[in-house]
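Chemist: Quick note: the sequence shown uses the working numbering, first residue 24, plus one each step. Where a beta carbon is used, it is the ideal one built from N, C-alpha and C, also for glycine. Here the structure is a predicted model, which is why all the values come from computation and not from measurement. Below are the structure tokens for one structure; questions will follow.
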Amino acid sequence: MKLINLNQAVYNALQFFGKTKAPQANWQKVNFPLVGGSGNAYNTGTILFAKKPAIFADESNFKATLKKYKALLKKKVIKEAIIISASGEKDSIWELELAKKNKLKTILLTCSPESSAAKIADKVYAYRKLSEPYTYNTSTYLGMVLSLTKEKPEKILSFLKQIKLPRNFKNYSSYTFVLPDQFIETCDMLNIKGRELFGPYLQVRAYSEGHARHAKFVHQDKNELVIGLGIKNKYFGDPKNKLDINIPKTANFALMLCLGYSIIGRIQESKPAYFQKNIIKFCKDYGPKAYGSDKPFEIIVPGN
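This is how it looks when you write it as structure tokens:
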């Protein structure tokens, strides 16, 4: 089974959303919600509520967060829980159940309106998605971000196609992104994608400019390419191994996410097929077992 790389998934998603409008982000009207999600669903939540008051929790601290803010729940300062899950399965199910047990109104943002979680939530916002390899979740969360930012997918795609990488791009063993502070929420999405695609074989890091100043570049090495996305990098990494990419003044979260994913996809394209080699066994064997299930994950997650 041949899988597309992440760069192609980004291109496909942008072409798709150029023809398919994302829903209105009416969930933005919710005041001071508890926003929950796993992995990049959590990070998507931090983007969607980057400019609004909210409390964030993931599968590891969701229970503890509800306990921590119990007084605010009782006083109805926090009245809603917004759970983000592309699949509407796994941890989103018990998170919604627990939120309801704590008398919160529950809202689900998902690409699976017939899922187990969708049957529990009080309100469901359903997003479109494409068929993609397991863990890519490119069209899934991009649709949610576009519903907020209203960026033009065709303009983002045109911008990405103009990006030129150095001839020796494939020779590096470490790639680090530095982003403007205003896009800090994007960094963890890039970090997670690097870990998912390359694991222990290759290093991909992403920091905001502010975080980068805090000893993230103690070690300057010729094998690391430091990629500035929308910044002028004067201080980070080996001076001879830097790449600065200018971004449009109108750039928002969707462009930054697509730009980072696209470059990670081009790293993937230039390296051995680590993900291709391991994802099939993960989906069939040790991935679902971590959830106490013998049912295999879908290697290609279908679109809707």
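Hey, how far is the Cα of residue 93 from the Cα of residue 46?
Modeler: Cα to Cα, the separation comes out at about 32 Å.
Chemist: With residue 199 as the anchor, note down where its alpha helix (DSSP H) starts and where it stops.
Modeler: Not the alpha helix (DSSP H): residue 199 falls in the beta strand (DSSP E), residues 197 to 202.
Chemist: In this structure, how does DSSP classify residue 127 when only helix, strand and coil are distinguished?
Modeler: In the structure shown, residue 127 sits in coil (DSSP, three-state: anything other than H, G, I, E or B).
Chemist: Would you report the Cα separation of residue 20 and residue 280, rounded to the nearest angstrom?
Modeler: This structure does not reach residue 20, given that the chain is present from 24 up to 327, and the question cannot be answered.
Chemist: Just reading off the alpha helix (DSSP H) that residue 72 is part of, what are its end residues?
Modeler: Segment: none, residue 72 is in no alpha helix (DSSP H) and carries neither H nor E.
Chemist: Along the chain, where does the alpha helix (DSSP H) that runs through residue 291 open and close?
Modeler: Unbroken alpha helix (DSSP H) run through residue 291: 276 to 293.
Chemist: Find the nearest neighbour of residue 325 within the set 163, 33, 60 and 180, judged by alpha-carbon distance.
Modeler: That would be 163, whose Cα lies nearest to the Cα of residue 325.
Chemist: Under DSSP, the beta strand (DSSP E) around residue 174 begins and ends at which residues?
Modeler: Where residue 174 is concerned, there is no enclosing beta strand (DSSP E), given that its DSSP letter is neither H nor E.
Chemist: Residue 209 and residue 260: beta carbons closer than 8 Å?
Modeler: For residue 209 and residue 260, no; Cβs fall outside 8 Å.
Chemist: Could you spell out the range, first to last residue, of the beta strand (DSSP E) harbouring residue 79?
Modeler: Here the beta strand (DSSP E) through residue 79 covers 78 to 80.
Chemist: Could you check if residue 33 is buried or exposed, using at least 16 other CB atoms within 10 Å of its CB as the buried criterion?
Modeler: Looking at its Cβ environment, which holds 16 or more other Cβ atoms inside 10 Å, residue 33 is buried.
Chemist: Should residue 229 and residue 283 be called a contact, given that it needs their Cβ atoms to be closer than 8 Å?
Modeler: Yes. Within cutoff.
Chemist: Between 225, 147 and 126, which lies nearest to residue 293 when the distance is taken from Cα to Cα?
Modeler: Among 225, 147 and 126, the Cα nearest to that of residue 293 belongs to 225.
Chemist: Sort 175, 142 and 124 by Cα distance to residue 36 and report the nearest one.
Modeler: It is 175 whose Cα lies nearest to the Cα of residue 36.
Chemist: Identify every run of the beta strand (DSSP E) within the region 95 to 175, keeping only runs that are complete inside it and at least 3 residues long; order them along the chain.
Modeler: You should have 103 to 107, 128 to 133 and 146 to 149.
Chemist: In three-state DSSP terms, what is residue 228?
Modeler: It is a strand residue.
Chemist: What separation, rounded to the nearest whole angstrom, lies between the Cα atoms of residue 239 and residue 211?
Modeler: Going by the C-alpha atoms only, they are around 15 Å apart.
Chemist: Would residue 170 be called buried (16 or more neighbouring beta carbons within 10 Å of its own) or exposed?
Modeler: Classification of residue 170: buried, given that the 10 Å Cβ count is 16 or more.
Chemist: Within 10 Å of its beta-carbon, does residue 167 have 16 or more other beta-carbons around it, so buried, or fewer, so exposed?
Modeler: With 16 or more other Cβ atoms within 10 Å, it is buried.
Chemist: State the CB to CB distance for the pair residue 343 and residue 165, rounded to an integer number of angstroms; the pair is presumed to be in contact (CB under 8 Å).
Modeler: Residue numbering for the chain in the displayed model covers 24 to 327; residue 343 lies beyond these limits and cannot be assessed.
Chemist: Give every residue of the same chain whose Cβ lies closer than 7 Å to the Cβ of residue 102, excluding the five residues on either side of it in the sequence, and list them in chain order.
Modeler: Around residue 102: 127 and 128.
Chemist: Thinking just about the alpha-carbon of each residue, which of 178, 112 and 133 is nearest to the one in residue 272?
Modeler: Of the candidates 178, 112 and 133, the one whose C-alpha sits nearest the C-alpha of residue 272 is 178.
Chemist: Would DSSP call residue 60 helix, strand or coil?
Modeler: Note: residue 60 maps to strand in three-state DSSP.
Chemist: Leaving out the 5 sequence neighbours to the left and right, which residues in its chain are closer than 6 Å to residue 299 when beta-carbon positions are compared?
Modeler: Here the set comprises 26.
Chemist: Please name the residue, chosen from 237, 30 and 268, that lies closest to residue 252 on a Cα-to-Cα basis.
Modeler: Comparing Cα-Cα distances from residue 252 to each of 237, 30 and 268, the minimum goes to 268.
Chemist: For residue 70, which option in 204, 254 and 295 has the closest C-alpha, if you only look at C-alpha atoms?
Modeler: Comparing Cα-Cα distances from residue 70 to each of 204, 254 and 295, the minimum goes to 204.
Chemist: With DSSP as the reference, label residue 249 as helix, strand or coil.
Modeler: Strand.
Chemist: Within this structure, are the beta carbons of residue 106 and residue 53 separated by less than 8 Å?
Modeler: Against a cut-off of 8 Å, the Cβ pair of residue 53 and residue 106 comes out as no contact.
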